[in-house]
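Peer 1: Take 1 as the starting number for the sequence shown in the UniProt record's numbering and just add one per residue.
Glycine included, each C-beta is placed from N, C-alpha and C at the ideal position.
As the structure is a computational prediction, the values presented were derived from the model and not from experiment.
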Amino acid sequence: ILGPDHPYTLTSVRNLASMLQRQGKYEESETMNRHALDGRKRILGPNHPKTQL
């Protein structure tokens, strides 16, 4: 079990945000994207390539 802050989990959150955006659920998508980005910055650092996507 990876946990909520594992990089793979954060990638899944980002993927979910993309699907929500495609469905027109922009506010929910933005919330998920921000959660994923904040987690990546915290876990991987602000200069990591996956943080800068």
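(1) Would you kindly work out how many angstroms separate the C-alpha atoms of LEU20 and ASP5, rounded to a whole number?
(2) Based on Cα-Cα distance, which residue from ILE1, VAL13, GLY24 and GLY45 lies nearest to ARG34?
(3) Please decide whether ILE1 counts as near chain C, where near means a Cβ-Cβ distance under 9 Å.
(4) Give the DSSP-derived three-state secondary structure of ASN47 in the structure shown.
Peer 2: Looking at the atomic coordinates:
(1) Working through the sequence shown from its first residue, we reach residue 20 at position 20. Working through the sequence shown from its first residue, we reach residue 5 at position 5. Those two C-alpha atoms are separated by around 20 Å.
(2) Translated into positions along the sequence shown, residue 34 becomes position 34. Closest option to ARG34, Cα to Cα, is VAL13.
(3) Chain labels in this structure do not include chain C; a single protein chain is all it has.
(4) One-based indexing of the sequence shown puts residue 47 at position 47. Reduced to three states, the DSSP call for ASN47 is coil.
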